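Enquirer: Using the UniProt record's numbering, read the sequence shown as starting at 1 and increasing by one per residue. Every residue, glycine too, gets a C-beta built ideally from N, C-alpha and C. Quantities reported herein were computed from a predicted structural model and do not represent experimental measurements. Below is a structure I'd like to ask you about.
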Amino acid sequence: MVSFRDSHGVLRRPRLKNLQRAQEEIYRQLQLLMPEAVAHHDTFASRVDGSPELRLELLERHPYTHFVRLTYLFGDERRQRLAPDAHIRVYHDARIAEVTAFDSVQGFNRTAHPWYPVLPLVQRAWRENVALEKWLGYLLGQGHRFDTMTAVDSAIPTAEKTARVAAPA
1 MVSFRDSHGV LRRPRLKNLQ RAQEEIYRQL QLLMPEAVAH HDTFASRVDG
51 SPELRLELLE RHPYTHFVRL TYLFGDERRQ RLAPDAHIRV YHDARIAEVT
101 AFDSVQGFNR TAHPWYPVLP LVQRAWRENV ALEKWLGYLL GQGHRFDTMT
151 AVDSAIPTAE KTARVAAPA
């Protein structure tokens with residue numbers, strides 16, 4: 001696990017080199033979660049004692065990158081809830097991964113533009129990637145691994161589907 005604190009225990013400011021270290025750690029942790037079967041299947045579930053069902057779905061597959069969705073699936077078929085619903089871009093050639101959003105709507109929205117100020121973008125990326133790095137460490141500590149991931153037929157429900165299903169009749 002990457003430490004984001006200085007020698008006095010103070011949280012370091014987000015700097016690009018520290019952000020890259022976090023993204024390298026996220027990539028390493030994802031490699032412990034992603035089964036080799038990602039070449040043949042798109043959706044996986046992991047069930048371990050004392051933990052909600054973890055779902056992993058490949059949203060996009062390219063020669064050097066994958067776009068992955070990772071979330072817990074809470075509830076039954078009638079009332080499903082997704083949390084934290086992380087969308088992650090995995091760069092296999094660079095051996096880094098970054099969270100693009102913790103929300104299905106934000107997952108595909110543009111978050112950078114030449115006219116956007118740089119510092120808020122780095123700060124946002126820092127917060128989200130540190131949160132993902134901590135969650136991945138927690139998942140691995142719970143016992144989720146590539147060998148607990150099994151291919152499933154059903155995709156992760158979209159936010160719209162879970163909202164419709166959970167709405168009172």
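1. Taking the straight line between their C-alpha atoms, what separation do you get for L59 and R127?
2. Let's see if you can read the secondary structure: which residues bound the beta strand (DSSP E) around T71?
3. Within its chain, find whatever has a CB closer than 8 Å to the CB of Q106; leave out the 5 residues flanking it on each side and keep chain order.
4. Please name the residue or residues paired with Y91 in a DSSP beta bridge.
5. Using three-state DSSP, classify P120 as helix, strand or coil.
6. With a 10 Å radius around its C-beta and 16 neighbouring C-beta atoms as the bar for buried, classify F108 as buried or exposed.
7. In the DSSP output, what is L58 paired with across the bridge?
8. Kindly indicate the opening and closing residues of the beta strand (DSSP E) around M34.
9. How big is the Cα-Cα spacing for L54 and P120?
10. Rounded C-beta distance between Y91 and Y64? I'm assuming under 8 Å.
11. Can you check whether the CB of S51 is closer than 8 Å to the CB of residue 170?
12. Alpha carbon to alpha carbon, what distance is there between R21 and T150?
13. Could you pull the start and end residues of the beta strand (DSSP E) that F44 belongs to?
Expert: Answer, in terms of the structure:
1. If you number the sequence shown from 1, residue 59 lands on position 59. If you number the sequence shown from 1, residue 127 lands on position 127. Whole-angstrom Cα-Cα distance: 23 Å.
2. Here residue 71 refers to the residue found at position 71 when the sequence shown is read from its first residue. Where T71 is concerned, the enclosing beta strand (DSSP E) stretches over 65-74.
3. Here residue 106 is taken as the residue at index 106 of the sequence shown, counted from 1. Because the pLDDT of Q106 is 49, which lies under 50, any placement of that residue in the model is unreliable, and the question is left without a value.
4. Counting from 1 along the sequence shown, the entry for residue 91 is found at position 91. Per DSSP, T65, I96.
5. Here residue 120 refers to the residue found at position 120 when the sequence shown is read from its first residue. P120 falls in the helix class under three-state DSSP.
6. To locate residue 108, count along the sequence shown from 1; it is residue 108. The predicted model places F108 with a pLDDT of 45, which falls under 50 and marks its position as unreliable; any figure quoted below should be read in that light. With fewer than 16 other Cβ atoms within 10 Å, it is exposed.
7. Taking the sequence shown and counting its residues from 1, the one referred to as residue 58 is at position 58. L58 has V68 as its beta-bridge partners, per DSSP.
8. Here residue 34 corresponds to residue number 34 of the sequence shown, with the count starting at 1. It is not in any beta strand (DSSP E) - M34 carries neither H nor E in the DSSP assignment.
9. Along the sequence shown, one-based indexing puts residue 54 at 54. Along the sequence shown, one-based indexing puts residue 120 at 120. L54 and P120 have their C-alpha atoms roughly 31 Å apart.
10. For the purposes of this step, residue 91 is taken as residue 91 along the sequence shown, with counting starting at 1. For the purposes of this step, residue 64 is taken as residue 64 along the sequence shown, with counting starting at 1. The beta-carbon separation of Y91 and Y64, rounded to 7 Å, stays under the 8 Å limit for a contact.
11. Within the shown structure, residues of the chain are numbered from 1 to 169, placing residue 170 beyond reach of any answer.
12. Taking the first residue of the sequence shown as 1, we reach residue 150 at position 150. Taking the first residue of the sequence shown as 1, we reach residue 21 at position 21. Roughly 30 Å between the two C-alpha positions.
13. The residue labelled residue 44 in the question sits at position 44 within the sequence shown. According to the DSSP assignment, F44 belongs to the beta strand (DSSP E) that extends over 43-46.
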